[in-house]
Amino acid sequence: MATTRPRRRSAAPPAAGPDLEAKARPRQERAQDTFERILAVTAELLGELGIERLSTNLVCERAGLTPPALYRYFPNKYALLRELGERLMAVQNELLAAWATPQTMKLPRPAFERSVLVLFAQTLELTQQAPGGVWITRALRAVPALQEVRIGSHRQVTGLIEAAFMSAWPEADRERVRVLARLSVEASYATTEMLFDDPALDAQAVGTTLASMIASQVVVVRRG
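In terms of full-length UniProt numbering, the sequence shown is residues 1 to 224.
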């Protein structure tokens with residue numbers, strides 16, 4: 001008598017992540033004020049409570065809104081975090097875009113190293129002063145649904161650095177330039193997070209070491 005093998009259960013489809021899109025973009029002034037108040041309160045609470053304890057109910061309570069008023073714009077707290085993350089990375093990227101020029105890439109090593117240190121210090125200060133900036137930065141790495149915001153931003157600024165470097169040094173190996181640019185971006189943001197996690201570290205010493213490491217590799221890539 002033939003034995004009947006048990007049927008294999010088909011694997012369940014992966015669970016969909018949270019909806020990160022803002023439901024509506026306000027057009028009228030009153031609605032814009034509400035939209036911005038929601039985000040300001042979220043950043044404030046994030047700085048006080050952290051990612052896990054943040055909730056839309058707490059945002060509504062602090063902002064003096066009903067849940068339907070908030071849900072008109074944001075479906076959940078992750079959509080709020082995404083909006084804040086995109087805004088923070090946009091202003092950070094403005095600093096980097098102003099730095100990433102062919103003129104910067106042509107600087108002699110000591111001057112280039114100083115420019116990296118200045119950029120790092122400016123980015124660190126901007127993030128620390130932004131409402132909820134430290135926790136927004138952590139959320140972009142810690143929350144899987146938000147990682148594409150960070151990765152997409154890093155790809156963008158990597159492209160800016162690569163373009164500036166190749167304009168200054170057209171004979172350089174483009175792939176090596178791309179890799180160095182991306183590693184520099186990732187190292188800079190990881191170093192910023194390290195200082196947030198361990199404020200006892202000397203930020204000046206950390207930034208100086210980071211700038212020296214990046215500058216030394218830039219010299220190597222320039223030489224081909």
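We put the CB at the ideal spot given by N, CA and C, even for glycine. Just so we're clear, the structure is a prediction, and the values are computed from it rather than from any experiment.
* Asked: When we look at the beta-carbon of residue 219 and count the other beta-carbons within 10 Å, is it buried (16 or more) or exposed?
  -> Looking up residue 219 in the sequence shown gives position 219. Exposed, because fewer than 16 other Cβ atoms sit within 10 Å of the Cβ of residue 219.
* **Contact check, residue 187 vs residue 113, beta carbons under 8 angstroms** => What you label residue 187 is simply residue 187 of the sequence shown in a count that begins at 1. What you label residue 113 is simply residue 113 of the sequence shown in a count that begins at 1. Not closer than 8 angstroms, so no.
* **Residue environment, residue 157, which counts as buried when at least 16 other CB atoms sit within 10 Å** => Position 157 of the sequence shown holds residue 157. It counts as buried.
* Asked: How would you label residue 129, buried or exposed, when you count the other beta carbons within 10 angstroms and need 16 or more for buried?
  -> Along the sequence shown, one-based indexing puts residue 129 at 129. Its Cβ having fewer than 16 others within 10 Å, residue 129 is exposed.
* To do: Just mark residue 55 as buried or exposed, buried being the case when its beta carbon has 16 or more other beta carbons within 10 Å.
  => Along the sequence shown, read from residue 1 onward, the residue named residue 55 stands at position 55. Exposed is the label assigned to residue 55, since fewer than 16 other Cβ atoms lie within 10 Å of its Cβ.
* Asked: In three-state terms, what does DSSP make of residue 128?
  -> Here residue 128 corresponds to residue number 128 of the sequence shown, with the count starting at 1. Residue 128: helix per DSSP, three-state reduction.
* **Inter-stretch contact at 8 angstroms, needing at least 3 Cβ pairs: the stretch 149-165 / the stretch 90-102** => Contact holds: three or more Cβ-Cβ distances are below 8 angstroms.
* **8 angstroms contact criterion, which residue 84 and residue 43 should meet: CB distance rounded** => In the sequence shown, counting from the first residue as 1, residue 84 sits at position 84. In the sequence shown, counting from the first residue as 1, residue 43 sits at position 43. Beta-carbon to beta-carbon, residue 84 and residue 43 are separated by about 6 angstroms, close enough to satisfy the 8 angstroms threshold.
* If you check the beta carbons only, do residue 164 and residue 102 fall under 8 angstroms apart? -> Here the question's residue 164 lines up with position 164 in the sequence shown. Here the question's residue 102 lines up with position 102 in the sequence shown. Using a Cβ distance threshold of 8 angstroms, residue 164 and residue 102 count as a contacting pair.
* Going by alpha carbons, who is nearest to residue 125 out of 209, 189 and 166? -> To locate residue 125, count along the sequence shown from 1; it is residue 125. Across the set 209, 189 and 166, the C-alpha of 189 shows the shortest separation from the C-alpha of residue 125.
* Asked: Given that a residue counts as buried once 16 or more other Cβ atoms are within 10 Å of its Cβ, and exposed if not, what is residue 91?
  -> Taking the first residue of the sequence shown as position 1, residue 91 is located at position 91. Residue 91 is exposed by the Cβ-count criterion.
* So, do the stretch 107-123 and the stretch 142-151 have three or more beta carbon pairs nearer to each other than 8 angstroms? -> Pairwise C-beta distances place the stretch 107-123 out of contact with the stretch 142-151, as fewer than three of them are shorter than 8 angstroms.
* Asked: Which residues in the same chain as residue 214 place their Cβ atom closer than 6 angstroms to its Cβ, once the five residues preceding and following it in sequence are excluded?
  -> Here residue 214 refers to the residue found at position 214 of the sequence shown. If we look at residue 214 and ignore the five residues flanking it on each side, its Cβ neighbours are 116 and 184.
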